[in-house]
Each structure stands twice: as structure tokens, then as C-alpha cells.
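Participant:
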Amino acid sequence: MSLKDYENHIEDLKTEERRPSALKELRLMLTYKPASEVIEIIQSSGISKILQCLNSSDKIQIELTCEVLKICFEKFEPGDVIKIYISYIMYLLRHDNECVRRMAIDEVYKTLTNDAILLPLPKYIDLYVATAQMVCDQDVGISNKAVLITSNLPAEAYPKVLEEMKIALESNSSSKCNAYEVIINISSKSYDLFNLCIYQGYIDFMANELQSDDILYQLNILELLSQLAIKPHGINYLIKQGMLLKISELVKGSHQNPFGGLLIPGYMKFFGSIAHFYPNEIFQKYPVLLESLFDALDSEDATILPVALDTLGFIGTTIEGKMCLMALGSKYTQIVEKLGQNIKNSPTEIKIRSLQCIANLIGIDKDPKTKGDPIDNRVTLMTREWFRSLSNQPAAMDVLFENCKNPFPDITLSALTLLNAVCQHHWGEELVARTAGFIEYLLDRSVNFTKESKEIKYEIIKRLSHSTVFDENILTRLQKYVEQGPFYTEIETQVAMEEE
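Quick note: the sequence shown uses the numbering used here, first residue 7, plus one each step.
Right, here's the structure in full:
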């Protein structure tokens with residue numbers, strides 16, 4: 007394609023009947039031309055005539071024009087399109103057609119994810135503001151991308167961007183939730199930005215909206231507030247303003263609410279997220295939340311029990327969380343016994359969630375504070391007791407072994423996850439060594455495992471290969487397994503020998 011060809015097709019765009027064929031020709035020619043040639047031609051002759059084709063009620067023409075413009079834009083280096091054609095991009099971001107807006111916001115996203123420095127402030131503040139306005143877009147793809155962009159801008163842009171969220175909060179609940187997500191993402195970045203959001207009244211507004219009758223809306227707010235609450239400045243503000251107390255009162259009232267069954271899992275996730283990071287504060291100041299969690303763990307409600315199991319496991323992942331649970335005494339021990347019953351007698355989903363829950367309660371390697379530190383003797387004693395409490399007859403280790411051999415891959419994976427947690431303790435290594443056939447089963451490569459199960463089994467064997475509870479023969483076999491890797495097969499050896 008030469009400059010002359012390009013100009014001829016551009017000329018044809020002026021005539022309505024020739025426009026579709028001219029756009030198709032441009033699409034074909036621009037696609038296969040080197041970027042350097044396309045850029046030279048576009049910069050010589052411009053793209054304004056192509057853009058004028060967007061001023062149409064013909065949806066097919068608009069989509070075809072978008073295709074041509076996308077090809078043009080793709081030939082430029084990231085950022086160059088916006089730098090050269092900023093006024094056009096601003097026009098495209100505000101176009102009536104979602105296809106056009108999507109193309110424009112994709113260009114902004116591509117530029118900023120490549121390097122935010124390409125669009126420095128204050129020169130491009132209007133672009134950032136226009137993007138922020140799109141968090142309310144009716145097209146979900148556009149609004150989601152606008153949320154992503156607006157949540158990851160240079161800090162200096164946020165005072166202006168946050169002003170735009172006020173407009174979003176006058177919209178429907180879906181648009182409000184998009185604005186809340188931006189607000190929470192910005193609030194979580196720094197104490198100063200958090201204070202800016204408080205000053206503009208956003209955090210208080212969100213908390214008050216929990217009184218809404220819209221259940222889905224409430225759940226979205228809870229999930230977003232939980233992201234803020236795990237930040238030190240976030241939790242301090244929520245406690246200081248009495249918001250956690252208000253939310254715990256809503257938990258009390260949810261049992262009388264006809265939609266309580268839908269709300270309780272949301273509240274559990276909210277407080278579970280906070281209790282993971284601040285277990286002492288939650289356990290001491292908000293006992294109603296623990297009561298709600300334990301009631302859910304003791305129920306047979308299929309909508310609540312899975313979330314309750316996940317929440318308990320998340321709280322008990324850290325050493326501090328384990329200590330707080332231990333301090334509850336017999337009430338907590340009864341819950342552990344219930345987990346054992348779930349593992350033995352429940353439907354598949356509850357069995358899997360229970361195995362994963364107890365794995366978090368017993369395991370210690372997910373707590374970043376314990377890296378390299380010796381294990382507290384209290385943790386050793388209590389985790390051993392929790393594991394024993396899972397089952398008296400048959401013994402807990404025999405129950406676990408049977409679940410590892412279960413023909414359903416999801417159950418096997420969850421059982422191996424628990425075994426991996428058990429093997430993080432010396433008492434766990436001893437139980438494996440004393441359980442007849444367990445080591446042979448782990449070392450048997452002929453057993454059909456999924457990729458995930460092979461990887462976690464490899465982690466278990468790697469742990470055991472450094473143990474002091476096995477004799478030299480077993481240790482040698484464990485170490486050989488580790489050397490060969492998780493996916494080694496005997497066929498590899500046979501093929502190698504045949505080739506020799």
C-alpha cells in the first residue's frame with residue numbers, strides 16, 4: 007500500500023455507498039503492511055476521515071471502523087497513540103457506542119500497564135478523569151477495565167479521580183459497587199489516601215449502606231470492606247468509629263432476617279478475613295461473631311457450612327489464630343471432633359472442605375512469622391491433640407490413609423494436603439512411620455495421581471526424606487524419589503535403555 011492508495015480509500019470514505027468497501031480495503035491493506043510504513047502513511051495523511059465514519063447510526067459500519075482504527079493503533083509503540091491523538095482518544099472514550107469506548111479504554115489500559123510514566127501528570131489528568139467516569143459504564147467489560155485502570159494510577163491523580171466517584175454513587179447499586187471498589191483500592195494504598203477517602207465521606211457512606219434491603223449489594227460492600235479492614239489503618243478506623251460493633255449487631259439481627267441464610271456467609275467471610283490478621287481483637291471484642299461461626303459449623307445448612315469451614319481454616323492458618331482457638335477450650339475441641347465426623351460421613355464437598363480446614367489448623371508453614379523459627383512446644387502439643395480428636399476408632403491416621411487412597415481425585419488431593427500439614431510436625435512423621443503401608447503407598451509411582459496430587463505428594467516425600475524417624479533403607483528410597491522428581495516414570499528408564 008502506498009500513500010496514494012491510502013488517500014484514494016480515504017477519499018472513498020466520503021461517499022456513503024463506497025464507505026463499507028473502502029473500510030474493508032483499508033483493513034486488509036493496513037493489516038499486512040509493516041508498522042513503520044503504516045505509521046508514516048497515517049501521520050502524513052491522518053486518521054480524521056476514518057474517525058468521521060463513527061458518526062453513524064449503522065452499527066456494522068461503526069464496528070468495521072473500530073477494526074480499522076484498532077489495526078492503526080496496534081502499529082504504534084505503547085503510549086504513542088495517546089500522545090499523538092489525545093483529543094481523538096478523549097472523543098472515543100465518550101462515544102455513544104460501547105464498541106468505540108471499549109477500543110479507547112483498551113488503548114489507555116495497554117499504555118498504563120506497559121509503563122504509567124508514559125502518561126505523566128498533570129498533562130494527562132483529563133484522560134484519567136474521563137477513564138474514572140467510565141466505572142459507571144453499562145458495558146461490564148468497559149466498567150471492569152475502568153476500575154482496573156483507575157485503581158492503579160499515579161498517587162497525584164487520586165484527588166481528582168475520587169471526586170468523580172461522587173457521581174458514580176448517585177447511580178444504581180452496580181455502578182456504586184464499582185465506585186466502592188475503586189475507593190477501597192485507593193484507600194488500601196496509603197494512610198494519606200485513606201484519610202482522603204474518609205474526608206470525602208466514602209468509608210462512612212459504605213458502612214451505612216449495609217442497612218440496604220438489597221442482599222447482593224450488602225454482600226458486595228462487606229467483601230470490599232474486608233479488604234480495607236485487613237490494613238492497620240483500615241481496622242483502626244472501623245473499630246474507632248464503632249463500625250465493627252454495628253456490623254456485629256447486624257450479624258445478631260440476621261437470624262431474624264428472612265434472607266439471613268444468604269447474609270451470614272458474607273458476614274463470616276468479612277470477620278474471618280479480619281480475624282486471620284487480628285484474631286485476638288475479634289475473639290475478645292466480638293464474641294457474637296464466634297458464636298455465629300460455631301453455630302454455622304454445627305449446622306447441616308449446605309449454603310452456610312462450606313463458608314464456615316473455609317473461615318475457620320483461614321482464621322487458624324496463623325500461629326496466633328491457633329492459640330486463640332485453643333483458648334476457647336472444649337467448645338473448640340467439639341468443633342474439631344465435628345470435622346472428623348464430616349471427613350468420615352459427609353457428602354464429597356463437605357468432606358473436602360473439612361480436610362482442607364483441618365489442614366490449615368494443623369499446618370504451620372503458611373504463617374510468614376514462623377519462617378525459620380523453632381516451633382512453639384504448645385503448638386506441637388495442641389496440633390497433635392487436634393489431629394487425634396478427629397477420630398478414635400479407627401485412628402485418625404488410618405482415616406487419613408483411607409482418604410488418600412480414595413478413588414475421587416478431589417478427595418485424594420485434599421487428604422494429601424492434610425497429610426502435608428501433618429508431616430510438618432515430628433509427631434506426624436512418627437505416625438506416618440507407624441502406619442502400615444503408608445510409606446509404600448507414597449513411594450508407589452504406579453498409583454494414578456493427578457498433576458496436583460503428584461506435586462503435593464512430592465512435597466510430603468521431600469519433607470520425610472530429612473526425617474529422623476525412618477531407618478536408612480527407607481530414607482534412601484525417599485531421597486531417591488526426591489532426586490527423580492514428582493513426574494518420573496519407569497517408562498523413561500526403559501526408553502533410555504532401548505535407545506542405548
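Positions of the beta carbon are idealized from the N, C-alpha and C atoms, including for glycine.
Using 8 Å as the threshold, is the segment 192 to 212 in touch with the segment 136 to 151, meaning 3 or more CB pairs across them?
Facilitator: In short, these stretches do not touch, since the Cβ pair count stays below three.
Participant: Can you tell me the Cβ-Cβ gap for residue 325 and residue 375, rounded? I've got them flagged as a contact below 8 Å.
Facilitator: Between residue 375 and residue 325 the Cβ distance is about 7 Å, and since that is below 8 Å, they are a contact.
Participant: For the structure I just gave you, are there three or more beta carbon pairs, one from the segment 11 to 18 and one from the segment 27 to 46, closer than 8 Å?
Facilitator: Yes: the two stretches touch, three or more of their Cβ pairs being nearer than 8 Å.
Participant: Which two residues bound the contiguous alpha helix (DSSP H) that contains residue 355?
Facilitator: Start and end: 354 to 368.
Participant: Are residue 395 and residue 343 closer than 9 Å when you measure CB to CB?
Facilitator: Taking 9 Å as the Cβ cut-off, residue 395 and residue 343 qualify as a contacting pair.
Participant: Going by DSSP in three states, residue 129 sits in which element: helix, strand or coil?
Facilitator: Correct three-state label for residue 129: coil.
Participant: Assign residue 304 to one of three DSSP states: helix, strand, or coil.
Facilitator: Of the three classes helix, strand and coil, the one that applies to residue 304 here is coil, per DSSP.
Participant: Could you have a look at residue 459 and say whether DSSP puts it in helix, strand or coil?
Facilitator: Three-state result, residue 459: helix.
Participant: Around the Cβ of residue 472, are there at least 16 other Cβ atoms within 10 angstroms (buried) or fewer (exposed)?
Facilitator: That one is exposed.
Participant: Check whether the Cβ atoms of residue 421 and residue 476 lie closer than 9 Å to each other.
Facilitator: No, they are not a contact pair.
Participant: Residue 434 and residue 363: beta carbons closer than 9 Å?
Facilitator: In this structure, residue 363 does not lie closer than 9 Å to residue 434 by Cβ.
Participant: If you measure between the beta carbons of residue 117 and residue 74, is that distance less than 9 Å?
Facilitator: Taking 9 Å as the Cβ cut-off, residue 117 and residue 74 do not qualify as a contacting pair.
Participant: Would you kindly work out how many angstroms separate the C-alpha atoms of residue 429 and residue 444, rounded to a whole number?
Facilitator: Cα to Cα, residue 429 sits roughly 13 Å from residue 444.
Participant: Over the uninterrupted alpha helix (DSSP H) stretch that includes residue 446, give me the two end residues.
Facilitator: Unbroken alpha helix (DSSP H) run through residue 446: 444 to 449.
Participant: Are the segment 348 to 355 and the segment 332 to 339 in contact at 8 Å, needing three or more beta carbon pairs?
Facilitator: Result no; under three Cβ-Cβ pairs closer than 8 Å.
Participant: Starting from residue 330, follow the alpha helix (DSSP H) in both directions and report where the run begins and ends.
Facilitator: Its alpha helix (DSSP H) spans residues 325 to 332.
Participant: Measure how close the beta-carbons of residue 369 and residue 427 come, nearest whole angstrom, since I'm counting them as under 8 Å.
Facilitator: The Cβ separation is near 3 Å, so the contact holds.
Participant: As an exercise, report each continuous alpha helix (DSSP H) stretch of at least 4 residues that is fully enclosed by the segment 407 to 431, in chain order.
Facilitator: If we require 4 residues or more, the alpha helix (DSSP H) runs fully inside the segment 407 to 431 come out as 415 to 428.
Participant: Nearest-angstrom Cα distance between residue 212 and residue 97?
Facilitator: One C-alpha to the other measures close to 33 Å.
Participant: For residue 507, is the classification buried or exposed, using 16 other Cβ atoms within 10 angstroms of its Cβ as the cut-off for buried?
Facilitator: As displayed, the chain neither begins before 7 nor continues past 506, which places residue 507 out of reach and without an answer.
Participant: Using a threshold of 9 Å, state whether the C-beta atoms of residue 135 and residue 174 are closer than that.
Facilitator: Contact flag unset, no.
Participant: Give me the residue from 244, 289, 307, 243 with the minimum Cα distance to residue 271.
Facilitator: Residue 271 has its Cα closest to that of 307, out of 244, 289, 307, 243.
Participant: Rank 78, 41, 309, 64 by C-alpha distance to the C-alpha of residue 54 and give the top, closest one.
Facilitator: When only C-alpha atoms are compared, the closest one is 78.
Participant: For residue 203, which of helix, strand or coil comes out of DSSP?
Facilitator: It is helical.
Participant: Under 9 Å, do residue 462 and residue 406 count as touching if we go by C-beta distance?
Facilitator: The answer is no: Cβ separation not under 9 Å.
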